[in-house]
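S.K.: Below is one structure. I have some questions about it.
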Amino acid sequence: MQRILQRPGARKAISVIVRLIAAIGGGYAASAGLAALAARVLPVAAAMPPSEAVVLASMLAFLVYLGLLIWGFAEPSLVRLCLILTAVGVVSWGGAFGLVRLASGG
Amino acid sequence: MEQGFRASMNWLHTWAGVVLGGLLFAIFWMGTLAVFDREIDRWMAPMIRLPAAEKPFSLESLRPLYETAAAAKSPFFSVGLPTDRDAAIRVLWSDQSGQTHRFIDPNTGAVLPDPGTLAGTRFIFPFHYMLHIRAENIGYWLVGLAAMAMMALCVSGVIIHRKIFTDFFTFRPDRKPRRLVLDLHNVTGVLGWPFHFLITLSGLVIFWSTYFPSAWQLTYNGDRLAFFADAYGNVVPKGRSGESGGMASFDAMASEARRVWEGSALRYVFVRNPGDAKSIVQIGRLDEGIVSSTYDAAYFDGPTGALISYKSGTAPVMSVQRFLAGFHFIQFRHWSLRWIYFGLGLTGCVLIATGYLFWLESRRKKHAQLGLKGVRIVEGLAVGSVTGMLIATAAFFVANRLLPLGAEAFGLDRAALEVWTFYLVWLATFAHAWARPQRAWMEQCWTVAALACAAALLNWITTGDHLVRSLSYRHLWPIAGMDILLLAGSAIAAVSALRLSRPSRVARVRHA
Amino acid sequence: MPDALLLLGIFAGAYLGFAALAMSQDRHWHHLGGARHCPRRACMALRCAGWALLLASLVLALMRDGAGFGSLLWATVITVGALSVVATLSWRAHWLRPAARLLQHLG
C-alpha cells in the first residue's frame with residue numbers, strides 16, 4: 001500500500017481526486033452555507049421580507065458556486081484550497097445555525 | 001494541478017467536456033426539441049391535430065370526468081386549457097393504478113381516444129430536466145451537475161481562447177479536420193456565448209429550491225408549504241375533511257377569475273381534493289404576452305365557489321426569478337423567438353459535438369503511436385452521445401407512427417413501447433460505435449438520414465397529412481413544420497455521411 | 001406586415017453591423033481583397049458604422065416588442081446575425097468584396 005502511494009502516478013491521481021471532491025463537493029457546501037447565512041442576514045440588514053431574501057441568496061448561490069468551481073481548479077495549492085473552503089463552510093453554516101438559535105431562543 | 005491559470009482552465013475545460021459532454025449533448029438536444037414540444041405532441045398524437053375552438057368552451061362539460069376523478073379519490077383534478085399552440089384540452093387525475101391523461105376536443109367536448117404516447121410534453125421535455133430518473137431526484141441532480149459544468153465550461157472556454165477577437169468571425173471550411181472543428185467550436189461558442197450561458201443559468205434558477213434548499217429550509221424550518229405560500233403566493237391547502245362535498249360551477253369561477261384579472265385568458269384549472277367538502281379550486285392566468293412566467297393564480301372554495309384570494313403581481317426579487325424562468329420556459333407567444341431559440345439550441349449541440357471532435361482529432365495520432373485506448377473509448381462515447389441520440393430520437397418518432405393504437409407487447413403499453421424503443425436504440429448505437437470505430441460516424445449519419453426521412457413518410461402514410469395538405473391548413477402548420485425539419489435533418493445527415501465516406505476524407509480523418 | 005419588416009430590419013442591422021466589424025479586422029479585410037492591414041480611416045469608419053448598426057438594431061427591437069421581448073429578441077438575433085456573417089465570409093465572401101473595394105478608395 002505504502003509503495004503504491006509513493007508512485008508519482010498514484011500521487012497525482014490522489015491529488016486530482018481530492019481536488020475534485022474539494023471543488024465540487026466543498027464548493028457546493030460553502031455556497032449553500034453562504035446562501036443560508038445571507039438568507040438570515042438580509043432581512044435584518046436590508047429589511048427584506050424573508051422569502052425575498054431566501055430567493056435572492058439562493059439565486060446568487062449559483063454564481064458563487066461557479067466562482068468557487070473556477071477557483072477550485074485554478075488554485076495552485078491544494079492545502080490552501082481545502083483550508084479556505086473548510087473555513088468558509090464552518091463560518092457560514094455556523095453563523096446561519098447560530099442566528100437561527102438566537103432567533104428561536106429570543 | 002497544471003501550472004498556471006490558463007493551463008489549469010484548459011485542464012478543466014478538457015476534462016469537464018470529455019466526461020460530461022455526452023450528458024450535456026442529451027440535455028441540449030432534448031431542450032432544443034422541447035422548444036416545439038406541443039407541436040411534437042400534435043405530430044405524435046394525430047387525434048389532437050384540431051383546429052382552434054370557434055366558441056368559448058364550457059368547463060361544465062368536464063363535470064363527468066371530474067366526478068370520475070372524485071369517485072377514484074384522486075388527490076387532484078387538473079385541466080390544461082387551450083393555447084395558441086395547442087387546441088386540445090388536457091385533463092389529468094390519478095387513482096390507485098396511476099395517472100390518467102385525457103385529451104378533450106374543445107369544439108365538441110368529446111373525450112378523444114388515448115393516443116398511447118408520451119410525445120413531446122411528457123417524454124422529451126421531462127428528459128431535458130430530469131432524464132426520467134425519478135429515484136431520489138437523481139435525474140435532477142445529474143442535470144444540475146451538468147449545468148454547473150456547462151457554466152464552468154463557458155467561463156473556462158473564454159479564458160483559454162487565445163485570440164477571441166481576432167478569431168471572432170473566423171471559420172475556414174477548407175482547412176484540415178482538426179482546425180475546422182476547432183474553428184466551428186470557437187465560432188459557435190463565442191457567438192452563442194450569451195445565449196448558452198443565460199439559458200443554462202436560467203435553467204438552474206428554475207429549480208433553485210431543489211438545488212439550494214439550505215436557505216429556505218433554515219429560514220422556514222423545513223416547511224415547504226409555508227415557504228411556497230410566502231414566496232409564490234400559494235394558498236396552503238387544507239387537508240381532506242373526509243366528508244364528501246359538492247362542486248360549484250366551474251364556469252362561474254372561471255369568469256370570476258377573468259374578471260379579477262381584467263379579462264385575461266386562463267391557463268389551467270386545478271382542483272385539490274376533488275369530491276371533498278374542503279376542496280379548493282385553483283385557476284391560473286395565461287400570460288402569453290410577457291416574458292415572465294408569473295404564476296398568478298386565483299383560489300376558490302370548491303363547494304361554494306367563493307373566491308378565497310387571488311394573486312397579481314410579484315415581489316422584486318421573485319419577479320427576477322420569474323423572468324429568468326419565463327425566459328427559459330418560452331410559454332409566451334412569440335414565434336420569431338421560438339425559432340431563434342431552436343436555432344441557438346442547435347448551435348449548442350454543434351458546440352458540444354465539435355468539442356468532442358477536437359479532443360479526438362488532436363489526440364488520434366499520439367494515442368495510436370503510444371498504443372493508448374483513450375481515443376477509441378471517447379470516440380465511442382461521442383458517436384453514441386451525438387449521432388446515437390439523433391438516431392434514438394428519430395427511432396422514437398418512427399415507432400410512434402408504426403405502432404397501432406392500443407398496441408401491447410411484453411406487458412408494456414404503447415407509450416412504454418415507444419420509450420423502450422428510444423432507450424434500446426440509443427444503447428445499440430453505443431455498441432455499434434465501439435464495435436466499428438472506423439465507420440461509426442458515417443454509418444450512423446446514414447441511419448439518421450434514413451430514419452428521419454422514414455418518419456416524415458410514415459406520417460403521410462398513417463395520417464394522410466402530407467406536406468401539401470398540412471401547409472394549406474393553419475391548424476396543420478405544426479405538422480408541416482415538423483415534417484420539413486425531419487426532411488431537412490435527413491438531407492443534412494445524408495450530406496454529412498457522403499462527405500465522411502469520400503475516401504480522401506476518411507483517410508485524412510483517420511490519419512490526420 | 002410592418003412587424004415582419006421591422007424584424008427584417010432588426011436582423012439586417014445585426015448582420016450588416018457585424019459584417020462591418022468583421023471587415024475592419026485585418027484578416028477579413030485582406031481576405032476580401034484589401035491590403036494586409038485595414039487602413040486606419042476605413043477601419044474607424046467600419047467600426048463606427050458597425051456599432052451604430054447594432055445600436056439601431058436594438059432600437060428597432062425595443063420599438064417592435066417593448067423592453068422585455070425587445071431586449072431578448074435583440075440579444076438572440078445578434079448571434080444569428082453574427083453567425084450569418086461567418087457563413088457569408090466562409091462561402092460567399094464575394095458578396096462583401098464590392099463594399100471592401102469601395103472603402104479601399106476612401107481609405
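Residue numbers (full-length UniProt numbering), protein chains in the order written: chain C, 1 to 106; chain X, 1 to 512; chain H, 1 to 107.
We put the beta carbon where it would ideally sit given N, CA and C, even for glycine.
These figures come from a predicted structure and were not determined experimentally.
#1: Is G50(H) close to chain X? Criterion is C-beta to C-beta, closer than 7 Å.
#2: For A22(C), which three-state DSSP category applies?
#3: Residues bridged to R102(X) by DSSP?
#4: Got a sec: is the Cβ-Cβ distance from H511(X) to anything in chain H below 7 Å?
#5: Give the residues from the segment 52–75 of chain H that approach chain X closer than 7 Å (Cβ to any Cβ), ordered along the chain.
#6: List the DSSP bridge partners of D301(X).
#7: In whole angstroms, give me the CA-to-CA distance for residue 525(X) and F25(X).
#8: Smallest Cα separation from F103(X): which of V111(X), F422(X), P173(X)?
#9: For A32(C), go through chain X and note every residue whose CB falls closer than 7 Å to its CB, in chain order.
#10: With a threshold of 7 Å between beta-carbons, can S58(C) be considered close to chain X, or not?
#11: Step through the CB atoms of chain C and report whether any lies within less than 7 Å of the CB of S292(X).
#12: Since G233(X) is in the alpha helix (DSSP H), which residue starts that stretch and which ends it?
#13: Helix or strand or just coil, what does DSSP make of F270(X)?
#14: For the segment 316–329 of chain X, list every residue whose C-beta sits within 8 Å of some C-beta in chain H, in sequence order.
#15: By the three-class DSSP mapping on this structure, what secondary structure does A507(X) have?
#16: Out of curiosity, what's the CA-to-CA distance linking K311(X) and L286(X)?
#17: For a test of the three-state rule: what should DSSP assign to V79(X), helix, strand or coil?
#18: Just verifying my parser: in three-state terms, what is the DSSP assignment at D86(X)?
#19: Against chain X, does A22(C) count as a neighbour if the rule is that its beta carbon must be under 7 Å from one of theirs?
#20: With distance defined between alpha-carbon atoms, name the residue in W359(X), A254(X), S470(X) nearest to L59(X).
#21: For V55(C), go through chain X and note every residue whose CB falls closer than 9 Å to its CB, in chain order.
#22: So Y310(X) is in the beta strand (DSSP E); what residue range does that whole segment cover?
#23: Quick one: list the residues of chain X neighbouring A100(C), beta-carbon separation under 9 Å, in chain order.
#24: Does S92(C) get closer than 7 Å to chain X when you measure Cβ to Cβ?
#25: Ignore the nearest five residues each way along the sequence and tell me which others in S15(C)'s own chain have a CB closer than 8 Å to its CB.
#26: Give the range of the alpha helix (DSSP H) segment to which N137(X) is assigned.
#27: Any beta-carbon of chain X closer than 7 Å to the one on L66(C)?
#28: Between the alpha carbons of H511(X) and R178(X), how many angstroms are there, rounded?
#29: Whole angstroms is fine: what's the gap from G139(X)'s alpha carbon to I133(X)'s?
#30: Which residue wins for smallest C-alpha separation from F430(X), given the options A449(X), A353(X), G384(X), T447(X)?
#31: Taking the alpha-carbon of R19(C) as reference, which of W11(X), G21(X), L20(X) has the nearest alpha-carbon?
#32: Does DSSP put A215(X) in a helix, a strand or coil?
#33: At the level of alpha carbons, what is the spacing between L102(H) and G34(H)?
#34: Terminal residues of the continuous alpha helix (DSSP H) containing G323(X)?
#35: Between F342(X), F28(X), S74(X), which lies nearest to V77(H) when the distance is taken from Cα to Cα?
#36: For E54(X), count the other beta carbons within 10 Å of its own beta carbon; 16 or more makes it buried, fewer makes it exposed. Which is it?
M.R.: In terms of the structure at hand:
#1: no
#2: helix
#3: V91(X)
#4: Note that H511(X) scores a pLDDT of 44, beneath 50, so its modelled location is shaky; the value from the coordinates is reported in the next line. By this cut-off, H511(X) is not an interface position.
#5: G68, F69, L72, L73, A75
#6: I280(X)
#7: Residue 525(X) is absent from the model: chain X starts at 1 and stops at 512.
#8: V111(X)
#9: F212, S214
#10: yes
#11: no
#12: It is not in any alpha helix (DSSP H) - G233(X) carries neither H nor E in the DSSP assignment.
#13: strand
#14: F323, F327
#15: In this prediction, A507(X) scores a pLDDT of 46, lower than 50, which makes its location untrustworthy; no coordinate-derived value is stated.
#16: 13 Å
#17: strand
#18: strand
#19: no
#20: A254(X)
#21: W208, S209, A215, W216, A231, A315, V317, M318, V320, Q321
#22: 307–310
#23: The sequence given here places Val at residue 100(C); Ala does not occur at that position. The contacting residues are L218, T219, N221.
#24: no
#25: L78
#26: Looking at the DSSP string, N137(X) is not in any alpha helix (DSSP H), and its letter there is neither H nor E.
#27: yes
#28: Its pLDDT being 44, under 50, H511(X) is placed unreliably by the model, and the measurement read from it follows with that caveat. Approximately 11 Å between the Cα atoms of the pair.
#29: 5 Å
#30: G384(X)
#31: W11(X)
#32: helix
#33: 10 Å
#34: The question names Gly, but residue 323(X) in the sequence shown is Phe. Looking at the DSSP string, the run of the alpha helix (DSSP H) that includes F323(X) is 316–329.
#35: F342(X)
#36: exposed
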